[in-house]
């Protein structure tokens with residue numbers, strides 16, 4: 002048993018083989034999956050507390066994810082193809098851009114050095130394959146845990162499938178993550194009222210402090226939980242979705258409340274007079290400690306969560322959508338301010354020269370481009386003063402470019418524009434345009450120049466909140482962004498256009514008065 006090879010080359014975990022069928026077998030699992038006996042499958046996953054070294058883990062997660070994914074094998078091939086291409090370029094030296102975001106959980110759960118290297122590569126390919134993904138706090142540790150049990154191409158196919166299903170499994174945007182703290186708080190108030198009351202007593206009457214505390218939930222699960230607890234949680238999560246993570250959060254808070262019940266009697270005034278920030282930090286420390294040293298067994302931990310009745314994904318997502326809509330403007334403002342403040346440290350080539358914006362503004366725009374396009378200085382393809390106001394001239398000069406950066410100066414001297422990540426030639430694809438007017442990808446953005454700082458404020462795609470209205474065009478018009486209004490619309494000739502608030506990019510009017 003001790004001589005069996007590790008699950009993967011990235012870990013020291015080795016599979017154990019049990020002669021006595023104490024746990025559910027892989028054959029039975031496969032039978033439930035193939036026969037689509039999902040009620041039994043849910044119970045099978047809940048009740049079988051396989052150790053982290055059980056042989057079933059060589060295939061368990063891949064089977065749970067791949068059975069409904071017709072693209073699973075092609076995803077594995079895509080990863081191998083992309084990593085071969087990336088390793089021939091300089092891109093493998095880049096750190097995945099999303100890791101620079103505050104609030105990202107970074108924990109590899111004991112991967113070997115080669116595992117960490119492959120984890121970085123995996124994240125880079127995910128970022129390349131899914132440019133629409135903006136903010137996924139749990140992506141790093143989730144990928145790390147998968148690499149303990151699966152080769153990197155299989156891990157990619159698994160994660161890619163989870164991400165393809167939107168919020169069902171993984172929150173993938175600032176607004177979704179921001180709203181999740183409120184969603185979890187509403188679940189806490191509904192299902193664990195005593196715990197909520199205890200938190201409120203500790204933090205004071207202002208509920209926003211509890212909300213701030215709940216923002217740490219990703220860390221409690223994906224960094225603090227011991228590996229065996231996290232692995233078993235993922236077993237159920239891969240079938241049941243987000244509600245499993247919510248159950249885990251409520252369980253951690255319940256165990257904290259239970260532990261504090263005795264302590265609070267002896268130290269009732271410990272926090273009296275403490276600063277709010279100190280109270281918040283102390284509470285987060287206490288909850289993190291409970292998560293790190295769970296005072297019950299793995300199965301009991303899960304069973305506490307399962308004991309919450311009438312807790313469905315439907316209930317969870319109704320609350321989630323409510324809070325996403327409620328705080329959309331708040332998060333839009335936070336994102337715009339963050340983009341404005343974001344320092345430039347990702348320029349690998351000289352900046353382009355423009356007659357409309359200065360070098361600093363050009364540098365900021367280049368910093369906002371996808372990293373793989375920052376290795377080449379953008380070239381001027383069209384200038385109104387040189388090439389005229391005709392769409393014919395515009396399309397002739399720009400439509401073969403794979404992507405383009407627009408800089409527009411209005412008659413009132415306001416400056417704004419956009420980056421579009423696909424070729425304008427796609428407007429001529431009759432087959433595709435018959436299915437959808439809009440094309441492009443989530444790497445696109447719109448921007449406006451701040452009057453005081455003379456630097457661009459970037460507005461990026463708002464992820465799940467809107468359809469993919471990135472760009473649209475025909476012979477006599479172009480549109481960038483929509484959903485409520487067109488962020489940029491130019492029709493007939495290139496001297497007249499309009500700009501309205503757009504939900505696609507969470508952008509306001511880019512020019513005063515909208516035209």
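Numbering (our numbering), first residue to last: 2 to 516. Ideal Cβ placement from N, Cα and C applies to all residues, glycine included. Since the structure is predicted, the reported quantities are computational estimates derived from the model, not experimental observations.
Query - Where residue 450 falls: helix, strand or coil (DSSP) - result: If DSSP states are grouped into helix, strand and coil, residue 450 belongs with the strands.
Query raised in the report: Under the three-state reduction of DSSP, which class applies to residue 142: helix, strand or coil?
Result: Looking at residue 142 - three-state DSSP - the assignment turns out to be helix.
**Report entry** Segment limits, alpha helix (DSSP H) that includes residue 117
**Finding:** Annotation: the continuous alpha helix (DSSP H) that includes residue 117 extends over 114–130.
**Report entry** residue 158, enclosing alpha helix (DSSP H) - first and last residue
**Finding:** Note, residue 158: alpha helix (DSSP H), 153–165.
Query raised in the report: By Cβ distance below 6 Å, which residues in the same chain neighbour residue 153 in space, the five residues on each side in sequence not counted?
Result: Answer for residue 153: 119, 123, listed in chain order.
Requested in this report: Run the CB neighbour count on residue 55, radius 10 Å, all protein chains shown included, and call it buried at 16 or more, exposed below.
Outcome: Burial check for residue 55: the Cβ neighbour count within 10 Å reaches 16 or more, so the residue is buried.
Report task. For the alpha helix (DSSP H) containing residue 1, list its first residue and its last residue. Result -> Absent from the model: residue 1. The displayed extent of the chain is 2 to 516, so no value can be given.
**Report entry** DSSP three-state assignment for residue 336, whether helix, strand or coil
**Finding:** Of the three classes helix, strand and coil, the one that applies to residue 336 here is helix, per DSSP.
Query - Rounded distance between the beta-carbons of residue 106 and residue 142, thought under 8 Å - result: A Cβ-Cβ distance of about 5 Å is found for the pair residue 142 and residue 106, placing them in contact under the 8 Å criterion.
Requested in this report: Could you check what DSSP says for residue 65 in three-state terms: helix, strand or coil?
Outcome: In the structure shown, the three-state DSSP call for residue 65 is helix.
Query raised in the report: Fully enclosed by the segment 14–66, which alpha helix (DSSP H) runs are 4 residues long or longer?
Result: Taking only runs of at least 4 residues, the alpha helix (DSSP H) segments lying wholly in the segment 14–66 are 27–35, 39–48.
Report task. Could you pull out every residue in the same chain whose Cβ sits closer than 6 Å to the Cβ of residue 182, ignoring the five residues on either side in sequence? Result -> The answer, listed in chain order, is 212, 215, 216.
Query raised in the report: For residue 478 versus residue 491, is the C-beta spacing smaller than 8 Å?
Result: Yes.
Query raised in the report: If we count the other Cβ atoms within 10 Å of its Cβ and call it buried at 16 or more, is residue 315 buried or exposed?
Result: Residue burial is scored here from C-beta neighbours: residue 315 has fewer than 16 other C-beta atoms within 10 angstroms and is therefore classed as exposed.
Query raised in the report: Buried or exposed: which applies to residue 258, given that a residue is buried once 16 or more other Cβ atoms fall within 10 Å of its Cβ?
Result: Classified as buried, residue 258 has 16 or more neighbouring CB atoms from the shown chains inside 10 Å of its CB.
**Report entry** residue 328 (DSSP reduced to helix, strand or coil)
**Finding:** Three-state result, residue 328: coil.
Requested in this report: Measuring alpha carbon to alpha carbon, tell me which of 37, 46, 31, 11 ends up nearest residue 300.
Outcome: For residue 300, the closest alpha carbon among the candidates 37, 46, 31, 11 is that of 46.
Query raised in the report: When DSSP labels each residue in this structure, what does residue 498 get in the three-state scheme?
Result: In the three-state reduction of the DSSP assignment, residue 498 falls in the strand class.
Query raised in the report: To which residues of the same chain is residue 302 closer than 7 Å at the C-beta, ignoring the five residues directly before and after it?
Result: Around residue 302: 230, 252, 295.
Query - Three-state secondary structure assigned by DSSP to residue 262 - result: Assigned with DSSP and collapsed to three states, residue 262 falls in helix.
Query raised in the report: What did DSSP end up calling residue 475 once you bin it into helix, strand or coil?
Result: In the structure shown, the three-state DSSP call for residue 475 is strand.
Query - residue 174 - containing alpha helix (DSSP H), residue span - result: From DSSP, residue 174 is part of no alpha helix (DSSP H); its letter is neither H nor E.
Query raised in the report: How about residue 163 and residue 66: are their beta carbons less than 8 Å apart?
Result: For the pair residue 163 and residue 66, the CB atoms are nearer than the 8 Å cut-off.
Query raised in the report: Which residues in the same chain as residue 401 place their Cβ atom closer than 8 Å to its Cβ, once the five residues preceding and following it in sequence are excluded?
Result: 424, 426.
Query raised in the report: Is the CB-CB distance between residue 394 and residue 180 below 8 Å?
Result: Not a contact, by the Cβ cut-off of 8 Å.
Requested in this report: Count the other C-beta atoms from every protein chain shown that fall within 10 angstroms of the C-beta of residue 219, then say buried if there are 16 or more, exposed otherwise.
Outcome: Buried, by the Cβ-count rule.
Report task. Output yes or no for whether 8 Å exceeds the beta carbon distance between residue 313 and residue 244. Result -> The answer is yes: Cβ separation under 8 Å.
Query raised in the report: Residue range of the beta strand (DSSP E) that residue 490 falls in?
Result: DSSP places residue 490 in the uninterrupted beta strand (DSSP E) bounded by 489–492.
Query raised in the report: If you draw a straight line from the alpha carbon of residue 203 to that of residue 69, how long is it in whole angstroms?
Result: Cα-Cα distance, rounded: 46 Å.
Query raised in the report: So, using beta-carbon positions, are residue 415 and residue 513 closer together than 8 Å?
Result: Closer than 8 Å, so yes.
Query - DSSP beta-bridge partners of residue 420 - result: The secondary-structure analysis by DSSP pairs residue 420 across a beta bridge with 406, 446.
Report task. Would you mind stating whether residue 232 and residue 256 have Cβ atoms separated by less than 8 Å? Result -> In this structure, residue 232 keeps its C-beta atom at 8 Å or more from the C-beta atom of residue 256.
Query - Nearest-angstrom Cβ-Cβ length linking residue 126 and residue 157, presumed shorter than 8 Å - result: For a cut-off of 8 Å, the C-beta gap from residue 126 to residue 157 is around 6 Å, short enough to register as a contact.
Query - Terminal residues of the alpha helix (DSSP H) in which residue 301 lies - result: For residue 301, the enclosing alpha helix (DSSP H) stretches over residues 299–307.
Query raised in the report: Buried or exposed: which applies to residue 18, given that a residue is buried once 16 or more other Cβ atoms fall within 10 Å of its Cβ?
Result: Per the 10 Å Cβ criterion, exposed.
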